[in-house]
Amino acid sequence: MTAPVWPDGARAACAFTFDLDADTLWMARGISEPVTLSQGRFGVLEGLPRILELLGRAAIRSSFFVPAWVVERYPEAVASIVAGGHEVGAHGDVHERVSDLDPAQEEKILVRSVEVVTRHTGRRPRGYRAPAWQISERTIALLARHGFDYSSNMMDRLTPYLHPEVDGRRLVEVPVSWVLDDAPFFLFTGQRSIQPPGPVLDGWLEEFDGISETGGVATFTFHPQIIGRPSRLACLRRLVERARRTPGVWIARLDEISDHWRTRV
Ligand SMILES: [Zn+2]
C-alpha cells in the first residue's frame, strides 16, 4: 500500500475558497450602472455573513481572495473574514485582466495588493489568484520573486504540484477548474439563463466524489454575490456536509495545502 499523500492518513483534500469581488466584478467590465453594481454589494452585505456563519458552524477554515479595491472599500468585511480564522489572498486591485497588463502595470498592481491586504489583515498574503484566472506569461515568476508561496490558477491537474524554480523559490500550484466554480452556472450578465441549483449541485457532488477517489484536491471557487443567494447557499451547505461526512477527506485552507505539499515532495 502506498503512503497517503495527505495529513493524518487522509486520501484526498478539499478546499472551499471564495473570491470576494464585490463591485469590481462589474467595474472590470466597464459597468457603472447602480443596479448592476448593487449585485456586487449583495455579496458583501448579505452573502458573506451567511457564508462565514455556515463555515464557522462546520468548523471549516477557508481561503478568501479579495481585490485591493474591495479590501479598502469594505474593511469590516475583511476583518470578519480574518476573525473567522480564514486566510486572505491577493486578487488584483479592481479585478483587472492581468493578461492585458504591461509588465510594469502588472508588478505595480501586485505590490499594491500585497500592501493593502497586509495592512488590513495584519498578515502578508501567501497565495495569489488572478482575477478570472487569467495570468500573463510573467505572473508565476513575478509571484516567486515577490515571496508568494502558492498560486491557485492553473487547470492542468487534480493534485497540487510545484512550479519550476525562480530565483531559488518554487511556487506550489493548487489547481482549480471552471467545473467547481459557481460563476459559469449562475452568473447572470443578461446573455444567458440562470441554471437551476439542483442539477449544478449534483454535478459538484459527482466531481467531489470523483476527485476524492483519485486522491486529488477538490478546490471549490465561489463568489459571495453568487453562492450567497439562499437557493445556492443550500448547495454550499450540502457540499460542506458531503465533504465532512466523506471519510478520509482533509478540508483545509489553501495555505495549509500548499505547506503540506511543499514538505512532502
Ligand atoms: Zn474574482
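Going by my numbering, the first residue of the sequence shown is number 914, and it counts up by one from there.
Don't be surprised by glycine CBs; every beta carbon is placed ideally from N, CA and C.
query: So, arginine 1082 versus alanine 1043, is the Cβ gap smaller than 8 Å?
result: Reading the sequence shown from its first residue, position 169 is the one you call residue 1082. Reading the sequence shown from its first residue, position 130 is the one you call residue 1043. Not in contact: arginine 1082 and alanine 1043 (Cβ atoms no closer than 8 Å).
- prompt: Which term fits alanine 1147, buried or exposed, when burial requires 16 or more other beta carbons within 10 angstroms of its beta carbon?
  reply: One-based indexing of the sequence shown puts residue 1147 at position 234. Classification of alanine 1147: exposed, given that the 10 Å Cβ count is below 16.
query: What are the partner residues of methionine 1134, as DSSP defines its beta bridges?
result: Within the sequence shown, the letter at position 221 stands for residue 1134. Position check: residue 1134 holds threonine in this sequence, whereas methionine was assumed. Its beta-bridge partners are Thr930, Asp1094.
- prompt: When DSSP labels each residue in this structure, what does phenylalanine 1101 get in the three-state scheme?
  reply: As a first step, residue 1101 is located in the sequence shown; it is residue number 188 there, counting from the start. Phenylalanine 1101 carries a coil assignment under DSSP once its states are collapsed to helix, strand and coil.
task: Below 8 Å CB to CB, which residues in the same chain sit around arginine 1166 once its five sequence neighbours on both sides are set aside?
output: As a position in the sequence shown, residue 1166 is number 253, starting the count at 1. Non-local C-beta neighbours of arginine 1166 in its own chain, meaning closer than 8 Å and more than five positions away in sequence, comprise Ala928, Arg974, Ser975, Ser976, His999, Glu1000, ordered along the chain.
- prompt: Going by other Cβ atoms of all chains shown within 10 Å of its Cβ, with 16 needed for buried, is proline 1038 buried or exposed?
  reply: Numbered from its first residue, the sequence shown carries residue 1038 at position 125. It counts as buried.
- prompt: Among residues of its own chain, excluding the 5 on either side of leucine 968, which ones have a beta-carbon nearer than 8 Å to its beta-carbon?
  reply: Locating residue 968 in the sequence shown gives position 55, counting from the first residue. Cβ neighbours of leucine 968 beyond the five flanking positions: Phe929, Arg974, Ser975, Gly997, His999, Val1153.
task: Output the residues surrounding ligand 1, defined as those with a CB atom closer than 6 Å to any ligand heavy atom, in chain order.
output: Asp932, Asp934, His1004, His1008, Pro1044
message: Taking 8 Å as the cut-off, does the segment 1074–1081 touch the segment 1108–1126 (at least 3 CB pairs, one atom from each stretch)?
response: The segment 1108–1126, when compared against the segment 1074–1081, does not touch it at the 8 Å Cβ threshold.
query: DSSP state of leucine 1219, grouped into three classes?
result: This structure does not reach residue 1219, given that the chain is present from 914 up to 1178, and the question cannot be answered.
- prompt: Over what stretch of residues does the alpha helix (DSSP H) that includes glycine 1123 continue unbroken?
  reply: On the sequence shown, position 210 is the one that residue 1123 refers to. Taken as a continuous stretch (DSSP letters only), the alpha helix (DSSP H) holding glycine 1123 covers 1110–1127.
field: Proximal residues to aspartate 921 (C-beta, below 8 Å), its chain only, five neighbours per side dropped
entry: Here residue 921 refers to the residue found at position 8 when the sequence shown is read from its first residue. Trp1163.
- request: Write down the C-beta distance between valine 1089 and threonine 1134 rounded to the nearest angstrom, noting that I regard them as a contact closer than 8 Å.
  value: Taking the sequence shown and counting its residues from 1, one reaches residue 1089 at position 176. Taking the sequence shown and counting its residues from 1, one reaches residue 1134 at position 221. Between threonine 1134 and valine 1089 the Cβ distance is about 6 Å, and since that is below 8 Å, they are a contact.
message: Rounding to the nearest angstrom, what Cα-Cα distance links proline 947 and glutamate 989 in this structure?
response: Here residue 947 refers to the residue found at position 34 of the sequence shown. Here residue 989 refers to the residue found at position 76 of the sequence shown. Inter-residue distance for proline 947 and glutamate 989 is about 22 Å (C-alpha atoms, whole angstroms).
field: Segments of 4+ residues assigned as alpha helix (DSSP H) that fall wholly inside the segment 965–1051
entry: 981–986, 988–996, 1016–1034
- request: Taking valine 1089 as part of the beta strand (DSSP E), name the residues at either end of that continuous run.
  value: To locate residue 1089, count along the sequence shown from 1; it is residue 176. Here valine 1089 belongs to no beta strand (DSSP E), and DSSP marks it neither H nor E.
message: Between which two residues does the beta strand (DSSP E) holding valine 1162 run?
response: Translated into the one-based positions of the sequence shown, residue 1162 becomes position 249. Taken as a continuous stretch (DSSP letters only), the beta strand (DSSP E) holding valine 1162 covers 1162–1164.
query: Are three or more beta carbon pairs between the segment 1021–1040 and the segment 1003–1013 nearer than 8 Å?
result: Contact holds: three or more Cβ-Cβ distances are below 8 Å.
- prompt: How would you label methionine 914, buried or exposed, when you count the other beta carbons within 10 angstroms and need 16 or more for buried?
  reply: By one-based count along the sequence shown, residue 914 stands at place 1. Unreliable positioning characterises methionine 914 in this predicted model, as indicated by a pLDDT of 48, which lies under 50. A coordinate reading is not provided.
message: If the criterion is Cβ atoms closer than 8 Å, does the pair proline 1073 and tryptophan 1174 meet it?
response: Reading the sequence shown from its first residue, position 160 is the one you call residue 1073. Reading the sequence shown from its first residue, position 261 is the one you call residue 1174. Yes. Within cutoff.
field: Beta bridge counterpart(s) of valine 1186 as assigned by DSSP
entry: A question about residue 1186 goes unanswered here, because the residues of the chain that appear run from 914 up to 1178.
field: Span separating the alpha-carbon of valine 984 from that of histidine 1136
entry: Along the sequence shown, one-based indexing puts residue 984 at 71. Along the sequence shown, one-based indexing puts residue 1136 at 223. Approximately 15 Å, taken between the alpha carbons.
- request: Rounded to whole angstroms, what's the CA-CA distance from alanine 1017 to threonine 1052? Just pull it up for me.
  value: As a working mapping, residue 1017 is identified with position 104 in the sequence shown. As a working mapping, residue 1052 is identified with position 139 in the sequence shown. Taking the straight line from one Cα to the other gives about 12 Å.
field: Counted within 10 angstroms of its Cβ, other Cβ atoms place glutamine 1104 as buried (16 or more) or exposed
entry: For this step, residue 1104 is matched to residue 191 along the sequence shown. With fewer than 16 Cβ atoms within 10 Å of its Cβ, glutamine 1104 is classed as exposed.
For serine 1171, the three-state DSSP class (helix, strand or coil): Position 258 of the sequence shown holds residue 1171. Serine 1171: helix per DSSP, three-state reduction.
Integer Cβ distance of glutamine 1108 from phenylalanine 1098, believed to fall under 8 Å: Along the sequence shown, one-based indexing puts residue 1108 at 195. Along the sequence shown, one-based indexing puts residue 1098 at 185. That pair is a contact at about 4 Å.
message: Excluding the 5 residues flanking tryptophan 1009 on each side, which residues of the same chain have their C-beta closer than 7 Å to its C-beta?
response: Looking up residue 1009 in the sequence shown gives position 96. In the sequence as presented, tryptophan is not what sits at residue 1009; that position holds glutamate. Excluding five sequence positions before and after glutamate 1009, the CB atoms of its chain that fall closer than 7 Å to its own CB belong to Ala941, Ile1022, Pro1044, given in chain order.
- prompt: Excluding five sequence neighbours on each side, which residues of the same chain lie with their C-beta closer than 6 Å to the C-beta of phenylalanine 978?
  reply: The residue you call residue 978 lines up with position 65 of the sequence shown. Cβ neighbours of phenylalanine 978 beyond the five flanking positions: Asp932, Gly1002, His1004, Arg1042.
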